[in-house]
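Structure first, then comments.
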Amino acid sequence: VHILRNGTRGPRRRRPKTALLGAVALTLVVSACGGDDGEGDAGNQDGPTTLVVGVADLGTENWSPYIGLGAGERPVTYGVMERLIQTDPETREYVPGLAESWESNEDSTEWTFTLRDDVPFHPGPDGQDYGMMTAEDVKFSLGLVMRDDSVLGRSDAYRQMIDNDMDNIEIVDDHTFRLHLPAPNAIVPSLFSSTTNTVPVTSQAYWEEVGEDAASDYPVGTGPWKFDSFQPGTSATLTAFEDHWRKTPDFDEIQYRIIPDESAMLAQLQTNEIDMAALPLELVPDAEEQGLRVVSVPNVGVSSIYLGGWYPDSEFYDPDSPWIQADNPERGRAIREAMSVAIDRTAIVESLLGGQAEEVVAPVHFVGGIMATNEEWVGDGAQVPEFDPERARELLAEGGYPDGFDVTTTTFPQPGLPQASDITAAMVSMLADVGINVETRQMQEPEYDEMREARATSGNIWQYIQQPLADEPADRFSAFLPSDAGAEFFLGPLAEYIDRMRAEPDYEARMGIAREMGQEMVDCVCPAIGIAAVSSQWVMGPDVGDWQYLEGLPEIHNTEYIAPAS
Amino acid sequence: VGRFVFVRLVQAFVSLFVLSIVVFGANQIVGDPTNALLPPTTSFETREAFREEMGFNRPFIVQYLDYMAGVLTGDMGESLANGRPVAELIAGRLPATMELALASALLTLAVGIPLGLLSSYRRGTWLDQSARLFSVLGQSAPTFWVGILLVLLFAVQLGWLPPGGRGGLAYLILPAITLAWNTVAGVTRLMRSSALETLESDYVRFARVKGLSEGSVMGKHVLRNASLPVMTYGGVMMANAMTGSVVTEAVFVWPGIGRLLIDAISARDYPVVQGTVLIFCAFFVVFALLIDLLYLYLNPRLRAEATSAA
Chain A
1 VHILRNGTRG PRRRRPKTAL LGAVALTLVV SACGGDDGEG DAGNQDGPTT
51 LVVGVADLGT ENWSPYIGLG AGERPVTYGV MERLIQTDPE TREYVPGLAE
101 SWESNEDSTE WTFTLRDDVP FHPGPDGQDY GMMTAEDVKF SLGLVMRDDS
151 VLGRSDAYRQ MIDNDMDNIE IVDDHTFRLH LPAPNAIVPS LFSSTTNTVP
201 VTSQAYWEEV GEDAASDYPV GTGPWKFDSF QPGTSATLTA FEDHWRKTPD
251 FDEIQYRIIP DESAMLAQLQ TNEIDMAALP LELVPDAEEQ GLRVVSVPNV
301 GVSSIYLGGW YPDSEFYDPD SPWIQADNPE RGRAIREAMS VAIDRTAIVE
351 SLLGGQAEEV VAPVHFVGGI MATNEEWVGD GAQVPEFDPE RARELLAEGG
401 YPDGFDVTTT TFPQPGLPQA SDITAAMVSM LADVGINVET RQMQEPEYDE
451 MREARATSGN IWQYIQQPLA DEPADRFSAF LPSDAGAEFF LGPLAEYIDR
501 MRAEPDYEAR MGIAREMGQE MVDCVCPAIG IAAVSSQWVM GPDVGDWQYL
551 EGLPEIHNTE YIAPAS
Chain B
1001 VGRFVFVRLV QAFVSLFVLS IVVFGANQIV GDPTNALLPP TTSFETREAF
1051 REEMGFNRPF IVQYLDYMAG VLTGDMGESL ANGRPVAELI AGRLPATMEL
1101 ALASALLTLA VGIPLGLLSS YRRGTWLDQS ARLFSVLGQS APTFWVGILL
1151 VLLFAVQLGW LPPGGRGGLA YLILPAITLA WNTVAGVTRL MRSSALETLE
1201 SDYVRFARVK GLSEGSVMGK HVLRNASLPV MTYGGVMMAN AMTGSVVTEA
1251 VFVWPGIGRL LIDAISARDY PVVQGTVLIF CAFFVVFALL IDLLYLYLNP
1301 RLRAEATSAA
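First to last, the sequence lines map onto chains A and B. Numbering follows our numbering, with no gaps: position 7 of the first sequence is 7. If you want our numbering, it's the position in the second sequence, counting the first as 1, plus 1000.
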């Protein structure tokens, strides 16, 4: 502001030939001054309060319920559109969302959902009224996520749930629908809960009126935030939906501002231009020095070493890899254990992850909350494998590779998880120390996705931070069935646990089955080798108060429960 | 004159044509775009299906003509990352880049010309030495380094200006300075050397002998004549301001074409990369053409040459 004033001060006599230049400059100044001042103004202004959240990207920048479900799009998609079941941040219990209640018959083959009858849809871009949310809207939205071109990882789980037949969704009345399942499925609520990537409910009337393209650019839902505007590659703004049935946000607006560069993100936080953002660990001390508050969201992902070619009972299975050796499975196990004890988890947690992580004993913890710790996952007897390079060399010899072997690893930046590449580098170094020479190949995540979906992982090991996807173990691990395009490995015989869990209506009994499964994974050191459960670090500006986050979710979420600083 | 203009226009179109082939062909030269877009482990069948779907299996000339026919009608393809039309993405970002480039160009002229003039007038003094040091620094310091330094000093430490983003004038200052410093340095050096030459000319000596004031000599005679070479540099300067925005926009979170290009490269979104680079090339050619025409208008000798040649 000072410079603006100084710059326009001081009369200067212009000659006619410089007048044009002056006019252009003036136009520029006026146009520049007329723009949005863009400042994060959370909680300290007389006018509308805006919570400005820095994000690395907004994914595909498409907000349709079947495409806008990546980590980048979710803050907008689930801000505008709600799910049927909410999750209590404290207890992590399922509580009513759009569905007031849900119940199953005795053998869990029929689930009845009763919806609230007082939930209006947001108005459309031109103020059109789309009435109240009904069971037809839920069925329509479920149909969207089940489309063949749906990007939702668990779209197949929905198809299986109703035997890929929309007629199995019975509309009982305007606010009640019933799912008829081909097989017992006790974990259906998990497929609709807010802990996970589940069906966002949109208005059928709106979609049919404006068409898919328009509806994807301007989503209409029932959420606490109403879509306001979007500038491609720059920002998306949502406004608080007044008198929301569940929680009207404390802020008038929320703006997601795209800042791909982490240093720029830090500078924006330090100057209060944005109000909150996730930062990599190495930048957190700089933010703290500036007096900014850091909130650590634990268990946002589990770092594990994945073993290529682990696709039992399929054409992609690699029986000859050192870590499988199908003709002599004990040798394969010895190699896997060698790799496990060659990893110094303590060093990784303390040095690379700044202590903001937990060493794990089993891979792929299925949830950030209820079963995130080793004890919860595999029971009290869980012991994190001790770092022992000598023992690793002995095990390599027992596995038939006394001189080690050569493998390749793929590494790529994981959005929101900058620590991933450091862990990979540490893994490569630690394995090399015991004779396993790992050649690193850098790639981008889409390339990794392609490789994974082609099941082309033979001869490859790779470190990956798997993000929690579901509260229910059966739901989580169904992502490792051959039907799932994104599966890093196939469960093989372990898949029987999924069927058992789905058929078990008692929650505690299901968790018992999950622990059996976890113990079996630990015993066989398969299908992957767990390293650590990592956290994400959210830096909060001075105008932001409490945030009721859900443990295990790496992206910004529950934004309606972010309070201004008091 | 008309023939000169016509020749320059033809040259501009030929340049654009050649550049479009180079830009489009770059994907082919570095290898089959399929290899860049799919992982090496993708099966042969998947690759073939992908080539068929994207039209990569057609002859180069067919692909090129198809692409250019689209470009001429405003269709530059669709982004692989988000499915949006490339032309729409570029059009959405162009105002921000133009704003920054224009601000940088104005800053360059406002600082570079007076500084170069002053430096030549005070040749050998501390002011001249300082201006030369400023120029050397400006032309040698990497843009990203200057940008980060300015952010740390003026945004983080002093809190005078925002560290990035696009908004009011305050948001424009640091990126414009960052982008302009290099060209200010260039203009200052050019103006200085050109003005020194002019100061030695007979007509300047004559003007002084006539008893004109120093201000009048410098403003009327030296500035006007010494500005012509700077004018030539102006085209390059403006084009540099556009393309230099790639780094500056990344440092300052400025939502222009430069950032679009970086994001597209990261995402391997080659239609966007192709479209953006083509637009940058077009800017270069158009600015060069405009400067040629402006030079023709301002320089009577060139106009006379053009007339006699015709």
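All C-beta atoms, glycine included, are put in the ideal place defined by N, C-alpha and C.
Segment contact flag, the stretch 305 to 313 of chain A with the stretch 520 to 531 of chain A, C-beta cutoff 8 Å, min 3 pairs: yes
Among Thr-457/A, Val-544/A, Thr-222/A, nearest to Met-132/A - alpha-carbon criterion: Thr-222/A
Assuming Arg-393/A is part of the alpha helix (DSSP H), what are its boundary residues? 389 to 398
What whole-angstrom Cβ distance do Ala-287/A and Val-294/A have, given they're in contact under 8 Å? 7 Å
Taking its Cβ as the centre, do 16 or more other Cβ atoms sit within 10 Å of Pro-1114/B, making it buried, or is it exposed? exposed
Ala-1101/B in three-state terms, based on DSSP: helix
Along the chain, where does the beta strand (DSSP E) containing Asp-406/A start, and where does it finish? 405 to 411
Spell out whether any CB of chain B is found under 8 Å from the CB atom of His-557/A. no
Could you tell me which uninterrupted alpha helix (DSSP H) segments, each at least 4 residues in length, are contained entirely in the stretch 199 to 245 of chain A, listed from first to last along the chain? 204 to 210, 212 to 217
Three-state secondary structure assigned by DSSP to Asn-1057/B: coil
By how many angstroms is the C-alpha of Ile-171/A removed from the C-alpha of Leu-179/A? 9 Å
Which residues in chain B sit within 9 Å of Pro-260/A, going by Cβ to Cβ distance? Ala-1250, Val-1253, Arg-1259, Ile-1262, Asp-1263, Ser-1266
Candidates Asp-163/A, Pro-120/A, Ala-157/A: which alpha carbon is nearest Thr-198/A's? Ala-157/A
If you draw a straight line from the alpha carbon of Ile-370/A to that of Asp-327/A, how long is it in whole angstroms? With a pLDDT of 49 at Ile-370/A, under the threshold of 50, the predicted position of this residue should be treated as unreliable, though the coordinate-derived value follows. Roughly 38 Å separates the two Cα atoms.
Which class does Trp-1126/B belong to by DSSP, given the choice of helix, strand or coil? helix
Along chain B, in chain order, which residues have C-beta atoms closer than 7 Å to that of Gln-270/A? Val-1156
beta-carbon Asp-117/A near the ligand NAP non-hydrogen atom, thresh 7 Å: As far as ligands go, the structure on display features none, and thus does not contain the ligand NAP.
Beta-carbon proximity list for Ser-483/A, same chain, < 8 Å, skipping 5 on both sides: Asp-156, Gln-160
If you measure beta-carbon to beta-carbon, which residues of the stretch 57 to 80 of chain A are closer than 7 Å to chain C? Chain labels in this structure do not include chain C; the protein chains are A and B.
Cβ atoms of Pro-554/A and Val-300/A: under 8 Å apart, would you say? yes
Chain B contact for Ala-454/A (CB, 8 Å cutoff): yes
Please report the Cβ distance between Ala-1105/B and Met-1238/B, rounded to the nearest whole angstrom; I am assuming they are in contact, meaning their Cβ atoms lie under 8 Å. 5 Å
Taking CB distances under 8 Å as the criterion, tell me whether Leu-1122/B reaches chain A. In the sequence as displayed, the identity of residue 1122/B is Arg instead of Leu. Answer no: the Cβ-Cβ gap between Arg-1122/B and chain A never drops below 8 Å.
Using a Cβ cut-off of 8 Å (strictly closer), state whether Gly-552/A contacts chain B. no
Please report the residue range of the alpha helix (DSSP H) in which Asn-299/A lies. It is not in any alpha helix (DSSP H) - Asn-299/A instead sits in the beta strand (DSSP E) that spans 293 to 307.
Which of the three DSSP states, helix, strand or coil, is assigned to Asp-313/A? coil
Thr-202/A: which of Met-540/A, Leu-142/A, Asn-164/A sits nearest, CA to CA? Leu-142/A
Identify, in the order they occur along the chain, each residue of the same chain with its Cβ nearer than 7 Å to the Cβ of Ala-1096/B, setting aside the five sequence neighbours on each side. Arg-1166, Trp-1254, Pro-1255, Gly-1256
Could you tell me whether the Cβ of Ala-1180/B comes closer than 8 Å to any Cβ of chain A? no
Close Cβ partners of Ser-229/A (< 6 Å) along its chain, the five nearest in sequence each way excluded: Thr-237
My output table needs one value for Val-1/A: the three-state DSSP class, helix, strand or coil. Residue confidence for Val-1/A is low, a pLDDT of 24 falling below 50, so the modelled location carries little weight; the figure read from the coordinates is stated next. In this structure, Val-1/A counts as coil in the three-state DSSP scheme.
Among Asp-475/A, Asp-471/A, Phe-489/A, nearest to Ala-456/A - alpha-carbon criterion: Phe-489/A
By DSSP, does Arg-116/A sit in helix, in strand, or in coil? coil
Roughly how many angstroms separate the alpha carbons of Thr-1046/B and Asp-149/A, rounded to a whole number? 17 Å
Could you tell me whether the stretch 334 to 354 of chain A touches the stretch 395 to 405 of chain A, using the rule of 3 or more Cβ pairs below 8 Å? yes
In the DSSP assignment, find the unbroken beta strand (DSSP E) run with Met-276/A in it and report its ends. 276 to 279
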